[in-house]
Amino acid sequence: GAVVSQHPSWVICKSGTSVKIECRSLDFQATTMFWYRQFPKQSLMLMATSNEGSKATYEQGVEKDKFLINHASLTLSTLTVTSAHPEDSSFYICSARDSGRPNTGELFFGEGSRLTVL
Amino acid sequence: DQQVKQNSPSLSVQEGRISILNCDYTNSMFDYFLWYKKYPAEGPTFLISISSIKDKNEDGRFTVFLNKSAKHLSLHIVPSQPGDSAVYFCAPPGEYGNKLVFGAGTILRVKS
Chain A
85 GAVVSQHPSW
95 VICKSGTSVK
105 IECRSLDFQA
115 TTMFWYRQFP
125 KQSLMLMATS
135 NEGSKATYEQ
145 GVEKDKFLIN
155 HASLTLSTLT
165 VTSAHPEDSS
175 FYICSARDSG
185 RPNTGELFFG
195 EGSRLTVL
Chain B
6 DQQVKQNSPS
16 LSVQEGRISI
26 LNCDYTNSMF
36 DYFLWYKKYP
46 AEGPTFLISI
56 SSIKDKNEDG
66 RFTVFLNKSA
76 KHLSLHIVPS
86 QPGDSAVYFC
96 APPGEYGNKL
106 VFGAGTILRV
116 KS
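Going down the list, the protein sequences come from chains A and B.
Residue numbering for the first sequence follows the working numbering, starting at 85 and increasing by one per position.
Residue numbering for the second sequence follows the working numbering, starting at 6 and increasing by one per position.
Structure, rendered in C-alpha cells:
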C-alpha cells in the first residue's frame, strides 16, 4: 500500500530555534500534501495544503510566517516551525493524496512528528 | 463552522459486541465520506469509505451506513475486538474535494 513517511518522529528543541519536519511519499507521487496539527485529546486540525511547485494554502488562523511549507518535489513536503515557542509543542501529521488515484478521496498519513519546545 | 460533528467523545463496548460510532454533517454537497482510525502517537489510517450514491458499504467487520436525508453516518464494528480500541474520525471531503474535514473523533474502548 501507499506509504507516507515523516521525519523526525520526535524532536525536542529550545525556544527560539527553528525545526524542520519532512513528509515523504515513498511509493507514489503527491502533487498535494496536507499538514495537520493535533493537540492532546483534540481532533486533527488542518493547518495548510501544500502544493507542489506553488505556494501553500493556509487555513484561517494559521500563521504563514510561523509555519513555512515547501513542496519542492512530487514526493517531499517540509514544514518548518520558525522561532518555536512552547505553545508550538504539538503532534504534527502530514498526509498525501496519490496523484495517480485522485478520485478515491483517500489520504495516506505519515506517522506523525512529536515536537516539544522547551 | 463545524461541518462534521461526532457528538460522542467516547464509547466503551464489551468484546464481541457491536460498536456503533456516529457522525453528523451539515453540508449536503459532500459526496464521499471516509472513516479513519488512529492510535495514540500515530498517524490516522484509512478504514472504510462510502460514496453518497450508496447507503451502505461493508468490509469485513466494518460497515458504514449513510442516511443522506438526516445527514448522518454511522460506523458499525461487529464483533468488536480489543485491537479496535482507538480514536475514530469521520471525515467527509472538504470544500474543494481535496482536503479532509475531520470530526472531533470518538474514542472507542473495547473491553475484554
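Positions of the beta carbon are idealized from the N, C-alpha and C atoms, including for glycine.
- Rounded to whole angstroms, residue 162 of chain A and residue 105 of chain A show a C-alpha spacing of 6 Å.
- Taking 8 Å as the cut-off, the beta carbon of residue 91 of chain B is found closer than this to the beta carbon of residue 42 of chain B.
- Judged by DSSP in its simplified three-state form, residue 29 of chain B adopts strand.
- For residue 87 of chain B and residue 22 of chain B, the gap between their C-alpha atoms comes out near 11 Å.
- Pairing residue 100 of chain A with residue 64 of chain B, the inter-Cα distance amounts to about 48 Å.
- Under the Cβ distance rule, residue 109 of chain B counts among the residues neighbouring chain A, one pair being separated by less than 8 Å.
- Sorting A:198, A:197, A:178 and A:200 by C-alpha distance to the C-alpha of residue 114 of chain A places A:178 at the top.
- At a beta-carbon threshold of 8 Å, the residues of chain A lying near residue 50 of chain B are 193, ordered along the chain.
- With respect to the 8 Å criterion, residue 52 of chain B and residue 96 of chain B are not classified as neighbours on the basis of their beta carbons.
- Of the other Cβ atoms in all chains shown, 16 or more fall within 10 Å of the Cβ of residue 181 of chain A; this residue is therefore buried.
- Of the residues assessed, residue 156 of chain A falls on the exposed side of the cut-off, its CB having fewer than 16 other CB atoms within 10 angstroms.
- Within the same chain, Cβ atoms closer than 7 Å to the Cβ of residue 85 of chain B are found at 18, 20, 21, 22, 23, 24 and 115, the five residues on either side in sequence being excluded.
- For residue 56 of chain B, the uninterrupted beta strand (DSSP E) run begins and ends at 50-56, by DSSP.
- Taking the CA atoms as reference points, residue 172 of chain A sits about 23 Å from residue 88 of chain A.
- Against residue 198 of chain A, the close residues of chain B are 46, in the order they occur along the chain (beta-carbon pairs closer than 9 Å).
- Taking C-alpha positions only, residue 152 of chain A is separated from residue 166 of chain A by approximately 7 Å.
- Residue 31 of chain B sits close to residue 8 of chain B, with the two beta carbons spaced by under 8 Å.
- Close CB contacts of residue 117 of chain B within its chain, under the 6 Å cut and outside five residues either way in sequence, are with 20 and 87 (chain order).
- Under the 8 Å criterion on CB atoms, residue 67 of chain B is classed as non-interfacial with respect to chain A.
- Secondary structure within the segment 102-164 of chain A: the beta strand (DSSP E) runs of 3 or more consecutive residues, fully enclosed, are 103-109, 116-122, 128-135 and 151-157 (chain order).
- Taking 8 Å as the cut-off, the beta carbon of residue 93 of chain A is found closer than this to the beta carbon of residue 198 of chain A.
- In the structure shown, residue 63 of chain B adopts extended strand secondary structure according to DSSP, grouped into three states.
- Looking at the backbone, the Cα of residue 71 of chain B and that of residue 168 of chain A are separated by about 43 Å.
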